[in-house]
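Peer 1: Protein chains in written order, with the working numbering: chain A, 1 to 115; chain B, 1 to 112.
1) Applying a beta-carbon distance threshold of less than 9 Å, which residues of chain A neighbour residue 115 of chain B?
2) Could you compute how far the alpha carbon of residue 54 of chain A sits from the alpha carbon of residue 47 of chain A?
3) Determine the direct distance from the alpha carbon of residue 15 of chain A to that of residue 63 of chain A, and round the result to whole angstroms.
4) Residues in its own chain within less than 6 Å of residue 30 of chain B by CB, not counting five upstream and five downstream?
5) In the DSSP assignment, find the beta strand (DSSP E) that holds residue 10 of chain B and state where it starts and stops.
6) How would you call residue 55 of chain B, buried or exposed, if buried means at least 16 neighbouring beta carbons within 10 angstroms?
7) Using beta-carbon positions only, say whether residue 3 of chain A and residue 105 of chain A come within less than 8 Å of one another.
8) Grouping DSSP H, G and I as helix and E and B as strand, with all else coil, what is residue 1 of chain B?
9) Which chain A residues are close to residue 104 of chain B, counting only those with a beta carbon under 8 Å from its beta carbon?
10) Report the residues of the segment 64 to 75 of chain B with a CB closer than 7 Å to any CB of chain A, ordered along the chain.
11) Count the other CB atoms within 10 Å of the CB of residue 38 of chain A; is the residue buried (16 or more) or exposed (fewer)?
12) For residue 100 of chain A, count the other beta carbons within 10 Å of its own beta carbon; 16 or more makes it buried, fewer makes it exposed. Which is it?
13) Does the contact criterion of 3 or more C-beta pairs under 8 Å hold for the segment 19 to 36 of chain A versus the segment 14 to 31 of chain B?
14) So what does residue 51 of chain A bridge to, in DSSP terms?
15) With a cut-off of 8 Å, does the C-beta of residue 32 of chain A fall near any C-beta of chain B?
16) Give me the subset of the segment 41 to 61 of chain A whose CB atoms are less than 9 Å from a CB atom of chain B, sorted by chain position.
17) Following the continuous beta strand (DSSP E) through residue 71 of chain B, name the residue where it begins and the one where it ends.
18) Using 8 Å as the limit for Cβ to Cβ distance, is residue 104 of chain A near chain B?
19) Output yes or no for whether 8 Å exceeds the beta carbon distance between residue 105 of chain B and residue 109 of chain A.
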């Protein structure tokens, strides 16, 4: 069975450029999450969706970040304009969502470097 | 402020040794999970504990949830090189996913 699929795996861009990260969750999972991981701050929840609807985006750093989920099988996280401090590994995860003790299934991550 | 603390931050041991890593908080959790993350990959769930005092075993790994549901430990017996990775604990403080927080992790290196 396919897991959570993220693209690109690596992205190097220059400050000011737009970055779009993509995620395909596991089929049938009702919840989709975007996390950011850095050495300094660990894993931070940016936003999560339930049935394609954003439920909580309080973790989104600022207006430069936006996320969409146009359908049950696709989500994007966009950064515009990007800044060096956005450099991190961005993870997408999905869950069947029966409870908060349920398993989060993570993708392999997108490593973003902003020069 | 880290709501979930993990110790030690780094651990390097010889193959065959035993070790324990800890996850602590001043908050009470409704459930707590342990994940292992290997380099270049996403975290993978190892176990979920929900009852205070609960002990779960997964082969050579033993997980314990504190009686007050504020802390947890992971004990590995006879560590193997395949145990190398970042061990993350994640606590749920309510019924919504924004109440799930991750600790900073313990980076374990098992040397042959």
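Even glycine gets a Cβ: it sits at the ideal position worked out from N, Cα and C.
Peer 2: Put simply:
1) Lying outside 1 to 112, the shown extent of chain B, residue 115 of chain B is not represented and no answer is given.
2) 7 Å
3) 16 Å
4) 92
5) 10 to 14
6) Residue 55 of chain B comes out exposed.
7) yes
8) No answer about residue 1 of chain B holds up, because its pLDDT of 49 lies below 50 and its placement is not dependable.
9) Counting only Cβ-Cβ distances below 8 Å, residue 104 of chain B has contacts in chain A at 42, in chain order.
10) Nothing from the segment 64 to 75 of chain B brings a Cβ to less than 7 Å from some Cβ of chain A.
11) Sixteen is the threshold: since fewer than 16 other Cβ atoms of the shown chains lie within 10 Å of the Cβ of residue 38 of chain A, the residue is exposed.
12) buried
13) No, they do not touch.
14) According to DSSP, which records beta bridges pairwise, residue 51 of chain A is partnered with nothing at all.
15) no
16) 41, 42, 43, 44, 45, 48, 50, 55, 56, 58 and 59
17) 71 to 76
18) The C-beta of residue 104 of chain A comes closer than 8 Å to at least one C-beta of chain B.
19) no
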